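Accompanying notes for the structure given below.
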Amino acid sequence: MTQLILFNVTNGLIIGAFYVLMAIGLSLILNLSNVINFAHGGFLVVGGYLAYTLEPYLGFWGALLASPFLTAILGLAIERVLIRPLYGRDPLYSLLLTFGLAFMFEDGTRFIWGAQGKPFTVPDFMAQSLSTEFFFLTGYRLFMVAMVAVTVTLLFLLLRFTRAGIRIRAGTLDLDTVSALGVNVRGLRSLNFGVGIFLAGLSGVLAGGQLGLEPTMGAGLLMPSFIAIIVGGVGSLIGTLVGGLLIGVASGLTAVLLPSASEAVIYVLMAVVLLIRPRGLFGEEGMLT
Amino acid sequence: MTAAVDKAAPVAANRERARSLAMLAAIWGVLALAPFWMPYLGGYTALGTRVLVLGLGAMAVNFLLGFTGVLSFGHAAWFGLGAYGCGLFLKFIAHSTPLSIVAGTLLGGVMGAILGALIVRRRGVYFAMVTIAFGQVFYYIAFQWSSLTGGDDGLRGFQRAPLDLGFTTVDILYNSTAFYYFVLICFAAAAAVMGFILRSPFGRTMLAIRENERRARFLGIPIELHIWIVFTLSCFFMAFAGSLYALVNNFADPLGLHYSQSGNFVIMAVLGGMRKFWGPLLGAAVFVVLQDYVSSLTVNWQFFIGLLFVVVVLFFPRGLLGFFQQRVQS
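Here it is as structure tokens:
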């Protein structure tokens, strides 16, 4: 029993780490630009498939590095051409636009790479279990969690100590004032969008190694990421981090007790949080509400 | 100069009224004669029925979005709940079309009222996200509870019952024209109620909230209560449309609850014109016909639907009606 619970908690943490990586990218874009990026899952899929295409030429490590950057470049182009004209308009329009983009990404991926799933192979030494007792701990899973931890830590450090990072955080609170102080808000938004999409691309590569690649995988990860943001509180990246891990572990634990409810439990969690603390666990009153 | 303006004003108002009356007559004329003219344009009656039902759904979304300025992106949940409520009633409880519509409408509307109370204090993008997420709850329920709902395959095994009017029965099952007129009457009733609410003092407060929420609050309008009422009404209309949709197909589909369906309703409203009462119906007609046409041409039709979203947002943000009005004025 202990092993079973440990197995599912570990599973939950690993899935939660995914949610975190994806949700933090979403959260960055939402906080600064007030855009709900429905196409985030689409970027994730593109990241995964690009890695699949690049792996024969660059190897696993090369693909892991190159694919998120290429995805981010695609994201920057889309932000420049399609999303920038919509800043300052009702958020409805950017929501609908990215919603349409999500369809186009999904069908585009299906058209280019086929509807059948593709495997994304990870190096042999990572594919094995670490010990027979803890059979579920493969090297790759540990590597994934470590990657997420390092990336998120790095992101928080950048936001805390670099000039651009400080501006992004300030812009989250009051973009008009930041603009009045002479900061190039357009550039800031682009940079922020690019970072968010980079994280989506990275999630795609990591997810591909664990789950394999499918055109619909992004849509499946999108909803839990929304819930991670809502549970953690809109406007707070720490909140998103905690929210993602929380719903991951909650669905992992529910899988032990009541397997069929493991999908539903995250929604229950969200309803409870909204009832007791409507702004979310770490949200500040008045942020985007 | 002022005298001339004073004299001209009633004339202009009369002309305005005459134009809107002519407009109404034209709309109802086109709808009432649809089974006769549609075959000539390559349409079929069932397509017209679908346009009416989805158009009603888009109008229900727009009731909240276009007239109160509240963006719900999870309205397919209420649509789907209506469909499942109607279908389950027909399958397990009683073989009666009107009662099944009532059952579906109540199921969706009451659930909407309960959840609405939970989220009504949220605004803007936050409201949109919460409605998306809650909408998905019902999708998962319909998907997982396969013993009741048929799961992934959808709810089958029910048929709309003939209408019993006392002195005669109308066969709406096999006679698609009769069924079209049945749906048209339901549509007209719902549209009339919607129009009546929008013209009432309550409807004016909806516009006030849309235009300036803070100012409306200072005028003493209890904003949260009013938004909750509008949300609930909109859910009831949505569930009503959903019930009709179950009857159209004799089938309820879990994808009808999915957030992508919510997106379709919102794009229909925007495509036709959010600020106009009839905009969403026009949007639904264009959307349904395009979807029907494109999906017959290519398996990658979703790509083109996505493209439609992008084109509408970039080039027709005020919708087709708004676009034409602008052209006429300039």
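So the sequence lines, in the order shown, correspond to chains A and B.
Number 289 marks the last residue of the first sequence (the working numbering); no jumps.
Number 619 marks the last residue of the second sequence (the working numbering); no jumps.
In this text, a Cβ means the ideal position worked out from N, Cα and C, and glycines have one as well.
For clarity, every value in this text was computed on a predicted model and none was experimentally measured.
Let's see if you can read the secondary structure: which residues bound the alpha helix (DSSP H) around M327 of chain B?
The count along the second sequence starts at 1 and reaches residue 327 of chain B at position 38. Segment: none, M327 of chain B is in no alpha helix (DSSP H) and carries neither H nor E.
Just to make sure I have the definition right: I need the residues of chain B whose C-beta is within less than 9 Å of the C-beta of L175 of chain A. Which are they?
Here residue 175 of chain A refers to the residue found at position 175 when the first sequence is read from its first residue. Those within 9 Å of L175 of chain A in chain B number zero; the least Cβ separation is about 14 Å.
Using 9 Å as the threshold, is the C-beta distance between G48 of chain A and A146 of chain A below it?
The residue given as residue 48 of chain A occupies position 48 in the first sequence. The residue given as residue 146 of chain A occupies position 146 in the first sequence. Going by C-beta atoms, G48 of chain A is not nearer than 9 Å to A146 of chain A.
State buried or exposed for E513 of chain B, treating a residue as buried only when at least 16 other CB atoms are found within 10 Å of its CB.
Looking up residue 513 of chain B in the second sequence gives position 224. It is exposed - the Cβ of E513 of chain B has fewer than 16 other Cβ atoms within 10 Å.
Which ranges would you report for the beta strand (DSSP E) in the region 547-589 of chain B if only whole runs of at least 3 residues count?
Here no run is fully enclosed.
Can you give me the Cβ contacts of I421 of chain B inside the same chain, cut-off strictly under 8 Å, excluding the 5 residues immediately before and after it?
Position 132 of the second sequence holds residue 421 of chain B. Answer for I421 of chain B: F362, G363, Y548 and S551, listed in chain order.
Please report the distance separating the alpha-carbon of V371 of chain A from that of G201 of chain A.
For residue 371 of chain A there is no data in the structure shown, the boundaries of chain A being 1 and 289.
Establish whether the CB of I660 of chain B and some CB of chain A are separated by less than 9 Å.
In the structure as shown, chain B begins at 290 and stops at 619. Residue 660 of chain B is therefore absent and cannot be evaluated.
Taking Cβ positions only, does S549 of chain B come closer than 9 Å to chain A?
Start at 1 with the first residue of the second sequence, and residue 549 of chain B comes out as number 260. Closer than 9 Å: yes.
Between which two residues does the alpha helix (DSSP H) carrying G114 of chain A extend?
Reading the first sequence from its first residue, position 114 is the one you call residue 114 of chain A. Segment: none, G114 of chain A is in no alpha helix (DSSP H) and carries neither H nor E.
For G41 of chain A, which of A:A180, A:G59, A:P85 and A:M223 has the nearest alpha-carbon?
What you label residue 41 of chain A is simply residue 41 of the first sequence in a count that begins at 1. Looking at the Cα atoms, A:M223 is the closest of the given residues.
State yes or no: is the beta carbon of F125 of chain A nearer than 9 Å to at least one beta carbon in chain B?
Taking the first sequence and counting its residues from 1, one reaches residue 125 of chain A at position 125. By this cut-off, F125 of chain A is not an interface position.
In the DSSP assignment, what residue or residues form a beta bridge with D107 of chain A?
In the first sequence, the residue the question calls residue 107 of chain A occupies position 107. According to DSSP, D107 of chain A bridges with nothing at all.
Residues of chain A with CB under 7 Å from P606 of chain B, in chain order?
Along the second sequence, read from residue 1 onward, the residue named residue 606 of chain B stands at position 317. Here the neighbours are Y93.
Return the chain-ordered list of same chain residues with a C-beta closer than 6 Å to the C-beta of A402 of chain B, the five sequence neighbours on each side being excluded.
Here the question's residue 402 of chain B lines up with position 113 in the second sequence. Result list for A402 of chain B: T521, in chain order.
Give me the Cα-Cα distance between L288 of chain A and A321 of chain B, rounded to the nearest whole angstrom.
Residue mapping note: residue 288 of chain A aligns to position 288 of the first sequence, counting from 1. Residue mapping note: residue 321 of chain B aligns to position 32 of the second sequence, counting from 1. Confidence at L288 of chain A is low in this model, with a pLDDT of 48, below 50, so its placement is unreliable and no value can be given for it.
Just by C-beta distance, which residues in the region 395-421 of chain B are closer than 9 Å to chain A?
Under the 9 Å Cβ criterion, the region 395-421 of chain B contributes L404, L407, I408, R410, R411, R412, G413, V414, Y415, F416, A417, M418, V419 and I421.
In whole angstroms, what separates the C-alpha of V350 of chain B from that of S523 of chain B?
Residue mapping note: residue 350 of chain B aligns to position 61 of the second sequence, counting from 1. Residue mapping note: residue 523 of chain B aligns to position 234 of the second sequence, counting from 1. So the two alpha carbons sit approximately 7 Å from each other.
Distance check for G232 of chain A and S179 of chain A, CA to CA, integer angstroms please.
If you number the first sequence from 1, residue 179 of chain A lands on position 179. If you number the first sequence from 1, residue 232 of chain A lands on position 232. Whole-angstrom Cα-Cα distance: 28 Å.
Under the rule that 16 or more other beta-carbon atoms within 10 Å means buried, what is T162 of chain A, buried or exposed?
Taking the first residue of the first sequence as 1, we reach residue 162 of chain A at position 162. Label assigned to T162 of chain A: exposed.
For V602 of chain B, list the residues DSSP reports as bridge partners.
Counted from its first residue, the second sequence places residue 602 of chain B at position 313. Its beta-bridge partners do not exist; DSSP assigns none.
Out of A:F18, A:G235, A:G59 and A:G100, point me to the one whose CA is closest to F120 of chain A's CA.
Numbered from 1 along the first sequence, position 120 holds the residue referred to as residue 120 of chain A. Nearest option by C-alpha distance: A:G59.
Quick one: grab the DSSP three-state call for M290 of chain B.
Against the second sequence, residue 290 of chain B aligns to sequence position 1. A caution first: M290 of chain B carries a pLDDT of 45, below 50, which makes its placement in the model too unreliable to give a value.
Taking buried to mean at least 16 other C-beta atoms within 10 Å of its own C-beta, is I382 of chain B buried or exposed?
In the second sequence, the residue the question calls residue 382 of chain B occupies position 93. I382 of chain B comes out exposed.
So the candidates are B:Y333, B:S385, B:F491 and B:Q425; which of them puts its Cα closest to the Cα of Y267 of chain A?
Here residue 267 of chain A refers to the residue found at position 267 of the first sequence. The shortest C-alpha separation from Y267 of chain A is found at B:Q425.
How far does the alpha helix (DSSP H) with H40 of chain A in it reach, from first residue to last?
Locating residue 40 of chain A in the first sequence gives position 40, counting from the first residue. Start and end: H40 to I78.
Which residue marks the beginning of the alpha helix (DSSP H) containing N192 of chain A, and which one marks its end?
Working through the first sequence from its first residue, we reach residue 192 of chain A at position 192. Segment V185 to L211, the alpha helix (DSSP H) holding N192 of chain A.
Would you say P85 of chain A faces chain B, with C-beta separation under 9 Å as the test?
Numbered from 1 along the first sequence, position 85 holds the residue referred to as residue 85 of chain A. It does: the Cβ of P85 of chain A has a partner Cβ on chain B nearer than 9 Å.
Shorter than 9 Å from the beta carbon of V350 of chain B to some beta carbon of chain A?
Mapped onto the second sequence, residue 350 of chain B falls at position 61. By this cut-off, V350 of chain B is not an interface position.
Taking its Cβ as the centre, do 16 or more other Cβ atoms sit within 10 Å of L533 of chain B, making it buried, or is it exposed?
As a working note, residue 533 of chain B is residue 244 in the second sequence. By the neighbour-count rule (16 or more Cβ atoms within 10 Å), L533 of chain B is buried.
Determine, for P295 of chain A, whether the minimum Cβ-Cβ distance to residues of chain B falls below 9 Å.
This structure cannot settle anything about residue 295 of chain A, because the visible part of chain A is limited to 1 through 289.
Taking the alpha-carbon positions, what's the G12 of chain A to L360 of chain B distance?
Within the first sequence, residue 12 of chain A is the residue found at index 12, counting from 1. Within the second sequence, residue 360 of chain B is the residue found at index 71, counting from 1. Each residue's alpha carbon lies about 33 Å from the other.
Taking beta-carbon pairs under 9 Å, can you tell me which members of the region 589-604 of chain B lie near chain A?
For the region 589-604 of chain B, which is checked against every Cβ of chain A, the residues closer than 9 Å are N589, W590, Q591, F592, F593, I594, G595, L596, L597, F598, V599, V600, V601, V602 and L603.
With DSSP collapsed to three states, give me the class of D176 of chain A.
In the first sequence, residue 176 of chain A corresponds to position 176, counting from 1. Three-state result, D176 of chain A: helix.
Could you list the residues in the region 101-114 of chain A with a C-beta less than 9 Å from some C-beta on chain B, going in chain order?
From the region 101-114 of chain A, only L101, A102, F103, M104, F105, E106, D107, G108, R110 and F111 have a Cβ closer than 9 Å to chain B.
Counting only beta-carbon atoms, is L44 of chain A nearer than 9 Å to chain B?
Here residue 44 of chain A corresponds to residue number 44 of the first sequence, with the count starting at 1. No, L44 of chain A does not count as interfacial toward chain B.
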